[in-house]
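Chemist:
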Amino acid sequence: MDLKALIREIPDFPKPGILFRDITTLLRDPEGLRYTIDSMAEKCSDLAPNYIIGMESRGFIFGAPLAYKLNAGFVPVRKPGKLPAAVHAAEYELEYGTDRLEMHQDALHPGCRALIVDDLIATGGTAAATAKLVEQTGCELVGFGFIIELSGLEGRKALPDLPVITLVQY
Numbered sequence: 001m002d003l004k005a006l007i008r009e010i011p012d013f014p015k016p017g018i019l020f021r022d023i024t025t026l027l028r029d030p031e032g033l034r035y036t037i038d039s040m041a042e043k044c045s046d047l048a049p050n051y052i053i054g055m056e057s058r059g060f061i062f063g064a065p066l067a068y069k070l071n072a073g074f075v076p077v078r079k080p081g082k083l084p085a086a087v088h089a090a091e092y093e094l095e096y097g098t099d100r101l102e103m104h105q106d107a108l109h110p111g112c113r114a115l116i117v118d119d120l121i122a123t124g125g126t127a128a129a130t131a132k133l134v135e136q137t138g139c140e141l142v143g144f145g146f147i148i149e150l151s152g153l154e155g156r157k158a159l160p161d162l163p164v165i166t167l168v169q170y
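FYI, the UniProt record's numbering numbers position 22 of the sequence shown as 22, with every residue one higher than the one before it.
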């Protein structure tokens with residue numbers, strides 16, 4: 001299946017000069033969504049994760065059904081102040097300033113295997129910060145899965161030397 005045909009391109013969003021890759025058109029297509037989840041599950045199954053880690057918010061969309069397919073648990077990573085129990089936190093750089101992600105301290109346990117999943121990798125900052133959260137728990141990070149990779153931004157270089165699985169590259 002040609003996933004690129006299901007991903008809409010929106011020029012000059014969120015600001016001039018940016019070509020935004022909109023996955024809402026992929027999500028609304030039942031066959032495309034099923035193919036996406038099934039393909040990611042097939043490519044990630046050898047990593048044998050116990051947990052899928054999904055970042056707010058599009059990582060939730062793909063992470064939860066992937067966890068279901070791989071018989072794994074799902075752990076959300078959120079923006080500050082959204083999780084009710086004690087959290088681990090990691091800051092990361094934005095184009096202008098910094099942001100922070102949080103994960104419950106008891107979400108993972110030492111010795112488990114975690115796979116980080118999101119819709120897209122650009123510069124890699126969000127995924128790298130999420131990797132730091134996983135490291136704080138003592139859980140083994142086994143890799144990363146993304147639907148879309150913006151190869152020209154070289155986000156893989158920001159990540160630990162682990163498998164990076166993508167379905168579509170631009």
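From the three backbone atoms N, C-alpha and C, an ideal C-beta is built for every residue, glycine too.
Candidates Lys82, Tyr96, Gly81, Met103: which alpha carbon is nearest Ala90's?
Modeler: It is Met103 whose Cα lies nearest to the Cα of Ala90.
Chemist: So for Gln105, helix, strand or coil by DSSP?
Modeler: Coil.
Chemist: Would you mind working out which of Phe144, Ala107, Pro14 sits nearest Ile121, comparing C-alpha positions?
Modeler: It is Phe144 whose Cα lies nearest to the Cα of Ile121.
Chemist: Might you give, ordered along the chain, the residues of its own chain that have their beta carbon closer than 8 Å to the beta carbon of Pro110, omitting 5 neighbours on each side?
Modeler: Cβ within range, chain order: Thr137, Gly138, Cys139.
Chemist: Taking its Cβ as the centre, do 16 or more other Cβ atoms sit within 10 Å of Gly32, making it buried, or is it exposed?
Modeler: Gly32 should be labelled buried.
Chemist: At which residue ranges does the UniProt domain "Phosphoribosyltransferase" (38-148) contain complete beta strand (DSSP E) runs of 3 or more residues, listed in the order of the chain?
Modeler: Correct list: 51-55, 73-77, 87-94, 97-104, 113-121.
Chemist: Consult DSSP for Pro30 and reduce its assignment to one of helix, strand or coil.
Modeler: Correct three-state label for Pro30: helix.
Chemist: Report the three-state DSSP secondary structure of Leu19 (helix, strand or coil).
Modeler: Of the three classes helix, strand and coil, the one that applies to Leu19 here is strand, per DSSP.
Chemist: By Cβ distance below 6 Å, which residues in the same chain neighbour Met1 in space, the five residues on each side in sequence not counted?
Modeler: Around Met1: Tyr35.
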